[in-house]
Amino acid sequence: MQKEFDFIAIGDTVTDEFIALKDAEVHCKIDTEACELCVRFGDKVPYENVETVYAVGNAANAAVSAARLGLQSALAADIGDDELGTKMLETLTMHGVGTGFVRIHEGMESNHHYVLRYQAERTILIRHHEYPYALPAVGHPRFIYLSSLAEHSLSYHHEIAKYLSENTDTFFAFQPGTFQIKLGAKELEALYKEADIFFCNKEEAARILGHEHENITDMLKQMSELGPKIVVVTDGPKGAYAYDSKDGSVWRVPMYPDPKPPLERTGAGDAFASTVVAALALGEPLEKALAWGPINSMSVVQYVGAQRGLLTREQIERHLKEAPPEYRVEKMS
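Heads up, the sequence shown is in the numbering used here, so the first residue is 398 and it goes up one at a time.
Encoded structure:
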């Protein structure tokens, strides 16, 4: 009999190779927020160290987060039949993530990214292989979490949407990646309408809606009109906001204070979103789930990579008890 999971994350997984630069500069133009990472052209550029992290990516990070918090978690992803793919499977198993839905493609390579670290920020050199995506027989998990997939995956999204329409008891969380946001809400209309909870940052919400919003509440409500029952939008140092269409409530949670300056910010958004969803899967109300999310984000940015700093439920509860008085979830309306 097939095991039924609490939480299945769907999306690409990669190996990240972090290269810490020491001799670089950041140039920002006056009339835009866009900045550029610069190194000397045609020269030998020293670096401090290299660290390889296997089986990461939005969905894999979410699967590990859920497992760390005590859920029966699995990943549905595609990899090659190479050494990196073997390392990915070993890593997922080590983290307690089920790998039965990871499809191994003969003669293909696994995704491998290079992450240029400079100060607390990173620039990622990406390459996604064109796997023949197909939804595995995932059974009937309580929660499905969909995130980043490569550009040739549109039909796969439609297949996932069909599954969700036929399995309405499964709670669906959607944290779109770059390609999914680029596609737009119209192309992925079925997924937006199936979403029980949806996550993005404020800039991504503006791209999805096609315009900026001065009022965060208006943005949340307009995002909800696309279909998601709960919309969560993060806004950098201002924290995160949530809108629950069930009762029209709007919530705000601030950032959890960092114990020291962040070492590296990869995976902070994944940690936040996946922790909120995992808390809901563990039976916590939305208000408390929102309080859990920033705690895991705070921990993740203290380490290189998106998974090393992920916390257990007990650790999150302890941080919550030790939180300063100003760290609280506020109901705005």
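Using N, Cα and C, we set each Cβ at its ideal position, and we do this for glycine too.
- Residue Asp409 holds the alpha-carbon nearest to the alpha-carbon of Glu548 among Asp409, Thr709, Ser730.
- About 23 Å separates the beta carbons of Thr614 and Ser694, which is beyond the 8 Å limit, so they are not a contact pair.
- Secondary structure of Thr565 (DSSP, three-state): coil.
- Considered as a whole, the region 433-476 harbours 444-453 as its complete beta strand (DSSP E) runs of no fewer than 3 residues, in chain order.
- Counting only runs of 3 or more residues that sit fully inside the region 609-662, the beta strand (DSSP E) segments are 627-631, 637-641, 646-650, in chain order.
- Leu513 has Ile416, Thr520 as its beta-bridge partners, per DSSP.
- Taking a C-beta distance under 8 Å as the contact criterion, Arg662 and Ala517 qualify as a contact pair.
- Taking a C-beta distance under 8 Å as the contact criterion, Asn458 and Gln704 qualify as a contact pair.
- Checking the DSSP bridge columns, you'll see Phe571 partnered with Leu543, Phe595.
- By the criterion of a C-beta distance shorter than 7 Å, Glu401 is surrounded in its chain by Gly536, His537, Pro538, once the five residues flanking it on both sides are discounted.
- Collapsing the DSSP output to three states places His537 in coil.
- Taking the C-beta atoms as reference points, Val442 is found no nearer than 8 Å to Val450.
- The DSSP-derived three-state label of Ala421 is coil.
- Under the three-pair Cβ rule at 8 Å, the region 712-727 does not count as touching the region 605-614.
- Residue nearest to Tyr724 within the set Gly645, Cys425, Leu687 is Leu687 (criterion: CA-CA distance).
- Counting along the chain, the unbroken alpha helix (DSSP H) around Gly482 starts and ends at 480-491.
- DSSP places Phe402 outside both helix and strand once states are collapsed to three, so it counts as coil.
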